[in-house]
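Asks:
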Amino acid sequence: MSQPKIIAYLKPTCGWSQGVRAILRKYQLPYEDRDIVNVLEYREEMIQKSGQPFSPCVEVNGELLADVSGQELEQWLIAKALVQANDRPVETPTDQGCSGEHHGEIPVRINF
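Be aware that the sequence shown starts at 1, since it is given in UniProt numbering, and climbs by one per residue.
1) Does C98 come within less than 8 Å of chain D when only Cβ atoms are used?
2) Apart from the five residues just before and just after residue 114, which ones in its own chain have a Cβ nearer than 7 Å to its Cβ?
3) In the DSSP assignment, find the unbroken beta strand (DSSP E) run with E91 in it and report its ends.
4) Give the secondary structure of A8 by DSSP, where H, G and I count as helix, E and B as strand, and everything else as coil.
5) What three-state label does DSSP hand V68 in the structure shown?
Written out as structure tokens, the structure is:
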């Protein structure tokens with residue numbers, strides 16, 4: 001199988017973005033990780049290509065998957081015969097958003 005060209009528009013710490021990265025690592029697929037939080041040009045490019053502001057967005061051989069989870073990306077890659085399904089474990093959930101600990105949020109107690 002030849003390696004697809006992959007550009008991933010991702011946030012540095014988002015759970016959805018980490019799930020996409022986990023799937024790309026699982027299948028050992030090289031990709032360009034475009035940080036849409038710290039590089040405004042990448043965010044604008046993603047919005048222009050996808051027509052919407054939600055991430056992750058993953059472009060594979062010119063085909064864009066908008067607002068996709070790692071789990072959805074894996075299913076798509078298998079359906080397109082770009083990878084063969086395998087049982088390799090992933091180190092992070094592939095279908096989960098961000099929780100407080102992903103952003104370093106600390107619960108605040110308010111006393112009245």
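Think of the CB as a built atom: it goes at the ideal place given N, C-alpha and C, for glycine as much as any other residue.
Note that the structure is predicted; figures quoted are calculated from it, not measured.
Replies: To lay it out plainly:
1) The chain inventory of the structure shown lacks chain D, comprising one protein chain alone.
2) Since the first residue shown for the chain is 1 and the last is 112, residue 114 is missing from the structure and cannot be characterised.
3) The residue given as residue 91 occupies position 91 in the sequence shown. Counting along the chain, E91 falls outside any beta strand (DSSP E), and DSSP gives it neither H nor E.
4) In the sequence shown, residue 8 corresponds to position 8, counting from 1. In this structure, A8 counts as strand in the three-state DSSP scheme.
5) The residue labelled residue 68 in the question sits at position 68 within the sequence shown. Three-state result, V68: coil.
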